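The structure appears below as structure tokens.
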Amino acid sequence: MQKRYMALWFCHLKTDWLTIRKPELAETPFVFSFPVHNRNLLTAVSPKAEAQGLYKGMRVADAKAMVLDLKVFKDKANRDINLLNAIGEWSIRYTPFVAIDAPDGLLLDISGCTHLWDGERTYYKEVVNRFLNKGYTVRAAIADTIGAAWAVARFAQAHPIVTSGQQVKAILPLPPAALRLETAILERLDKLGFRTIKSLTAIPVSSLRRRFGEQLTLRLKQATGEASEYLHPLQPVEAYAERLPCLEPILTRVGIELAIRYLLQALCKWLAKEGKGIRAASLKCFRIDGHIQQTDIGTNQATYQVEHLFKLFELKIGDIEPGLGIELFTLEVTKVDDVETTQEAIWADKQALQNTIVIQLLDRLAGKIGAQAIHRYLPQEHHWPERSIKKAENFEAKPATAWRTDQLRPTILLPRPELVEVSAPIPDYPPMLFRYQGTVHHIKRADGPERIEREWWLDEGEHRDYYIVEDQHGQRYWIFRLGHYGQRRHQWFLHGFFA
Amino acid sequence: MLQGKKDIVSKLQQNIMLWEGFKAPSTGTVNQFGLGIIEASFANGVFPTGAIHEFLNFKPEHAAASGGFVAGLLQPILKASGICLWIGTSRTIFPVALAYFGVSPDRVVFIDAIKEKDVLWATEEALKCNSVAAVVAEVSKLSFAQSRRLQLAVEKSSTTGFILRNDPNALSTTTCVARWRITPLPSAPEDGMPGVGFPRWNVELIKVRNGNSGVWQVEWRNDRFLLVTEQENTSVDVIRKVG
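If you read the protein sequences in the order shown, they are chains Z and F.
Using my numbering, the final residue of the first sequence is 500, and nothing's skipped along the way.
Using my numbering, the final residue of the second sequence is 1256, and nothing's skipped along the way.
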């Protein structure tokens, strides 16, 4: 389909904004000023002030000298962007694809939207009149390319709607400034006598590139449609979302359940057709008093099973406060993934991690307790005990190396080794006894030492000499000495309990 | 006449057992845990799977011993590819150690809840799921009603549950099929060798439904349980130089 773009240009964005808020300013010249390098410069000029010869970038002192009753307002950084953001979000009613064109414009991808307003002419009139009624001076143009729409909106005197394919003809009589170029290039073009874009087309492209750089030829191509150009939408288009407006406000749990089920069925049907599944979704309930209640769910594996997803939401229905009633439900898929549609083997082991029932159980646990509570570990090739395991990122991951059983490791490992008092230490042997939490343990048997060096490329410190020791009651411990024996202060730690 | 009466009584007992959920063992299930004489203390002489076992740990040393013993029991339950959920609030079990008891640690999913309430909820949900082979839960308090809920969950799914109790002050009657206490015993290396020997435990079966309680000494040797008889149990208390 032929793309159609609309460019909007707010000639007096900031001053119009203030005039709407303070209508009494309409008859007085006023400006916005902002300090730049210790000078107050004009950043926006009202139409009345402009008529008296003020312009953007002028010094406030000069402006005040020229216009005696000038009102000066302090400007804020990013005011124009914030304004454009707000206007852009409002304009999403005209097309889902709105982009900001700083500092004073909006770009709308209106492909496939205009027929809803009976054609481009009425669409154009609707948009421009809406803004004019609101109080914004706006100039707009519709063309096949972003560049042409931008140029026509700002520089053409008539015919704001460029018929499809006619953009070259439309931009040829316009000045080179209509090509969105840097000031330095524009000045050079002006000096060389290029007054219109038409005069540029007479020069071979290679010469233009050599003299004025890549930007000029690119902009020229973008305006004519030879090179493509992309917009960054203000709100990314929701790929998978469903909405359910309610005739009567919903107050009951049964009603919310029905709504969720309805939304899920519609969404899952759509996802299943495309072989996609939900990894994360968020349900928004718009209440009649303006509040929005949001609930999020996540799954461990992409799925489009309505029953399973419903169960995940069911756990959280209790958190939704309907207040005076919910008038609109929207369900958005925030993360999609491809669904692996492998045929389930008849004789496959039922009790495996890949089993969907297990995954669904884990989803439910994650939904209630939190996904951060679920851990699965894989071996990691490190001798340092704390680093010998790593968290598995998903449930399909298999251990890259085998689990080591040649070195004994304690059944219980303390998260942090705890300092113990020892007595009668002998070099290269475990101590005769150690005191842990007030109890004295006489060491009757011992194995070791197993020296584990610190991985110097990961952290710094002393090595550990581990001993497996057994006390008089047969209780087995894993203790270690930090560093060499006989160093100024060697310390002993308890790090784990053996079975 | 007397013989006939005996037959009738044993038949009735069998029926009661069936109603209570103890099925007669199918062939090949006897002694699959390698616990030998301990398994004979249970009803029908079979270690009950699809039930809930309770382990009392009052010290970290006991918890380590119970952890090892439970891991040894998990091995035949998980078999080739079964998975296990290990649920608790302050988990200290070191996954690497499970490999020593024949359980592949990557088939154990650890759930670290913050609230005790969530642990019980997660345990119940997991026990209801028959695709999970076993569930290990570390809880401090378990009321009779809560244990009943867990029991009802396993009766449908035949998942095996292990409850590790770590609060001695909160003991109460539960519906668990067995209550165990595992405490470590001095190891006895073979032939008076120096160093620490195989893990050895004092296994107390304090309570058991339709069975006999008892005390045994068990060692974990060569990837299986081994009952230690009194004659073998002669530990030499000498400090040996090692290294």
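Ideal Cβ positions, reconstructed from N, Cα and C, are used throughout, including at glycine.
Quantities reported herein were computed from a predicted structural model and do not represent experimental measurements.
Closest by C-alpha distance to residue i, when choosing among the options
i, options, result
"residue 286 (chain Z)", "Z:246, Z:143, Z:276, Z:277", "Z:246"
"residue 383 (chain Z)", "Z:122, Z:403, Z:235, Z:300", "Z:403"
"residue 1223 (chain F)", "F:1139, F:1056, F:1164", "F:1056"
"residue 459 (chain Z)", "Z:178, Z:57, Z:385", "Z:385"
"residue 101 (chain Z)", "Z:13, Z:234, Z:428", "Z:234"
"residue 1217 (chain F)", "F:1050, F:1158, F:1019, F:1025", "F:1050"
"residue 28 (chain Z)", "Z:20, Z:35, Z:34", "Z:20"
"residue 1068 (chain F)", "F:1058, F:1059, F:1060, F:1080", "F:1080"
Interface flag, residue i vs chain Z, CB-CB below 8 Å
i, result
"residue 1017 (chain F)", "no"
"residue 1077 (chain F)", "yes"
"residue 1200 (chain F)", "yes"
"residue 1105 (chain F)", "yes"
"residue 1149 (chain F)", "no"
"residue 1124 (chain F)", "yes"
"residue 1096 (chain F)", "yes"
"residue 1134 (chain F)", "yes"
"residue 1180 (chain F)", "no"
"residue 1131 (chain F)", "yes"
"residue 1047 (chain F)", "no"
"residue 1174 (chain F)", "no"
"residue 1247 (chain F)", "Summary for residue 1247 (chain F): the model assigns pLDDT 46, below 50, so the residue's position carries little reliability, and this model does not support an answer."
"residue 1142 (chain F)", "yes"
"residue 1241 (chain F)", "no"
"residue 1204 (chain F)", "no"
"residue 1232 (chain F)", "no"
Short Cβ contact (8 Å threshold) for residue i with residue j
i, j, result
"residue 242 (chain Z)", "residue 333 (chain Z)", "yes"
"residue 1238 (chain F)", "residue 410 (chain Z)", "no"
"residue 1156 (chain F)", "residue 1185 (chain F)", "yes"
"residue 1179 (chain F)", "residue 1070 (chain F)", "yes"
"residue 171 (chain Z)", "residue 154 (chain Z)", "no"
"residue 1172 (chain F)", "residue 1148 (chain F)", "yes"
"residue 1122 (chain F)", "residue 1150 (chain F)", "no"
"residue 547 (chain Z)", "residue 57 (chain Z)", "Within the shown structure, residues of chain Z are numbered from 2 to 500, placing residue 547 (chain Z) beyond reach of any answer."
"residue 1193 (chain F)", "residue 1114 (chain F)", "no"
"residue 203 (chain Z)", "residue 180 (chain Z)", "no"
"residue 1119 (chain F)", "residue 376 (chain Z)", "no"
"residue 127 (chain Z)", "residue 143 (chain Z)", "no"
"residue 13 (chain Z)", "residue 197 (chain Z)", "no"
"residue 451 (chain Z)", "residue 408 (chain Z)", "yes"
Residue i at chain F interface by Cβ criterion, 8 Å
i, result
"residue 389 (chain Z)", "yes"
"residue 378 (chain Z)", "yes"
"residue 435 (chain Z)", "no"
"residue 363 (chain Z)", "yes"
"residue 348 (chain Z)", "For residue 348 (chain Z), the pLDDT reaches just 44, beneath the cut-off of 50, and the residue's location in the model is therefore unreliable, although a value from the coordinates is still provided. Cβ-Cβ to chain F under 8 Å: no for residue 348 (chain Z)."
"residue 492 (chain Z)", "no"
"residue 414 (chain Z)", "yes"
"residue 9 (chain Z)", "no"
"residue 404 (chain Z)", "yes"
"residue 475 (chain Z)", "yes"
"residue 456 (chain Z)", "no"
"residue 366 (chain Z)", "yes"
"residue 315 (chain Z)", "no"
Three-state secondary structure (DSSP) of residue i
i, result
"residue 270 (chain Z)", "helix"
"residue 348 (chain Z)", "The predicted position of residue 348 (chain Z) is uncertain, since its pLDDT is 44 and thus under 50; a value taken from the coordinates is nonetheless stated next. Coil, per DSSP."
"residue 1251 (chain F)", "Residue confidence for residue 1251 (chain F) is low, a pLDDT of 43 falling below 50, so the modelled location carries little weight; the figure read from the coordinates is stated next. Looking at residue 1251 (chain F) - three-state DSSP - the assignment turns out to be coil, as it is neither helix nor strand."
"residue 1070 (chain F)", "coil"
"residue 330 (chain Z)", "strand"
"residue 385 (chain Z)", "coil"
"residue 361 (chain Z)", "helix"
"residue 212 (chain Z)", "helix"
"residue 1015 (chain F)", "helix"
"residue 1170 (chain F)", "helix"
"residue 34 (chain Z)", "strand"
"residue 116 (chain Z)", "helix"
"residue 440 (chain Z)", "strand"
Any non-hydrogen atom of the ligand HEM closer than 7 Å to residue i Cβ
i, result
"residue 478 (chain Z)", "Inclusion of the ligand HEM in the displayed structure is not the case, the ligand content being empty and no account of it being possible."
Touching by the beta-carbon criterion (3+ pairs, under 8 Å), the region 62-71 of chain Z and the region 86-96 of chain Z: no
Stretch pair the region 8-18 of chain Z + the region 95-111 of chain Z: three plus CB contacts closer than 8 Å: yes
Segment contact, 8 Å Cβ cut-off, at least three pairs: the region 298-317 of chain Z with the region 265-282 of chain Z: yes
Segment contact flag, the region 220-233 of chain Z with the region 293-302 of chain Z, C-beta cutoff 8 Å, min 3 pairs: no
At least three beta-carbon pairs within less than 8 Å, the region 1194-1212 of chain F to the region 1094-1105 of chain F: no
Any 3 or more C-beta pairs closer than 8 Å across the region 462-475 of chain Z and the region 438-448 of chain Z: yes
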